[in-house]
Amino acid sequence: MRAFIFSPDSGLPILPQKKDAFMFNRKNKDVNNLANQEENTNFLLGALAWHGSVTPRVLLSVLITGLYTLGLAWIDIHYYKLPGFAVTPFEYIGAVLGLVLVFRTNAGHDRWWEARKLWGAIVNQSRNLLVMSWNYGADDKQWCNDMTKWIVAFSFAAKESLRLQKEFDDLKAILNDSEIIELRNAPHSPVFVSGKIAALLQQARLNSTIDGFVFLEIEKQRAALIDSIGGCERILKTPMPLVYAIKARRFILIYLLLLPLSLIDEVGLMAVPIAILVAYPLFSLDRIGIELQNPFATKNLSHLPLQSICVGIKNIAATFNINKMAR
């Protein structure tokens, strides 16, 4: 029988376990892995957290709202009596506007969670391919190592493709220079890698080193990898409808332009902090919806920790090796 064992001689060196190398490290404080960070259990510290918050990205808009309200209040008090509006309609409008923004935020979270499930599928499919290749595949160490390196390469190729990059330095330990160049020059790197896996499977089938049933089962897992990257590309290339984003922001703008006129008559200069308190959650919810739209872009606060996931697959692959034993 054939078995997979932990071995440092597997041809796939295990990477050092850095702080960003754990797929589910909830204590991770790496700025590139905010999706993995655990919520602070201290209420006050969590409420005042700056790092990982959308506050820095909406602060300018909130301050402009405050200055605009201050300008109107100054004009109303010292120069010209501005027309006022009743506050009650704005209360109802604000509630409706909040629901619109929450819907957008929920839609963004659905995209983020769907992307995470697809990458979970890539992890599981890679594990299945590794187990099947080493236990049911060709009784040939070189073939198994070739399968392993391309299985690992798929996740890195998928990551780079979704981030519109072609940096494969992480694969230099397992792919030679010509293979790296081929990968970089490929129009679609995940499909290129999948083709390499398919070619190895076809080679084993033609050489009769794997039976037809095993071939079909491994081929299903290879095809599932393409389905998973296709699902990720659907999320990447299909943003929220532009018409919805425009309308939501237009409603926010009109609401915040008119709200001070109703507040100034009622509370005078106190309209400034009130307008800021109203604007902050509106701008924040709008920004959160934007941040969650693309779960793959590193510029977004809560992007998926794809590097950690890929390193996790690479380290799993490094534990596989042929241990020839009597059948």
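Here my numbering = 1-based position in the sequence shown + 44. Even glycine gets a Cβ: it sits at the ideal position worked out from N, Cα and C.
- Contact between S272 and F129 does not hold, since the beta-carbon distance rounds to 53 Å and is not under 8 Å.
- Between the stretch 261–278 and the stretch 153–173 there are three or more inter-stretch CB-CB distances shorter than 8 Å, so the stretches are counted as touching.
- Between S199 and I357, the alpha-carbon positions lie close to 8 Å from each other.
- With distances taken between CA atoms, P133 lies nearest to L302 out of I290, L329, T109 and L302.
- Excluding residues up to 5 positions away in sequence, F134, I137, G138, L141 and L326 lie with their Cβ nearer than 8 Å to the Cβ of Y299 in the same chain.
- Segment contact: the stretch 141–160 against the stretch 327–342, three or more CB-CB distances shorter than 8 Å; contact assigned.
- The C-alpha of A289 is placed about 26 Å away from the C-alpha of W94.
- Comparing alpha carbon positions, the residue from L227, V175, S222 and I308 closest to I262 is V175.
- Taking C-beta atoms as the reference points, I195 and F212 fail to come closer than 7 Å.
- Its Cα nearest to that of L114, the residue P317 stands out among P317, Q351 and I254.
- In this structure the stretch 94–107 does not touch the stretch 278–288; the number of beta carbon pairs closer than 8 Å is below three.
- Its chain contains L300, A319 and A323 as the residues whose beta carbon lies nearer than 6 Å to that of T109, once the 5 sequence neighbours on both sides are disregarded; these appear in chain order.
- DSSP places G181 in no alpha helix (DSSP H); its state is neither H nor E.
- Secondary structure at G96: coil, using DSSP grouped into helix, strand and coil.
- Spatial neighbours of N172 in its own chain (CB-CB distance under 8 Å, excluding positions within 5 residues in sequence) are listed in chain order as Q265.
- Taking every protein chain shown into account, the CB of M314 has fewer than 16 other CB atoms within 10 angstroms, so this residue is exposed.
- Taking 4 residues as the minimum length, the alpha helix (DSSP H) runs contained wholly in the stretch 276–333 are 286–311, in order along the chain.
- Excluding five sequence positions before and after K240, the CB atoms of its chain that fall closer than 7 Å to its own CB belong to W194, given in chain order.
- Here A230 carries a coil assignment [DSSP, helix/strand/coil].
- Of the other Cβ atoms in all chains shown, 16 or more fall within 10 Å of the Cβ of I218; this residue is therefore buried.
- Linking W178 to W187 through their CA atoms gives a straight-line distance of about 9 Å.
- In terms of CA proximity to K203, V235 leads the group V235, A292 and Y123.
- Counting along the chain, the unbroken alpha helix (DSSP H) around K358 starts and ends at L350 to A361.
- If you compare the alpha carbons of R155, I279, S170 and Y112 with that of F364, the shortest gap goes to S170.
- A direct Cα-Cα distance of roughly 35 Å separates K185 from A159.
- Within the model, the alpha-carbon separation for L348 versus F257 is close to 36 Å.
- With a cutoff of 7 Å on beta-carbon distance, A242 and V144 are scored as not near each other.
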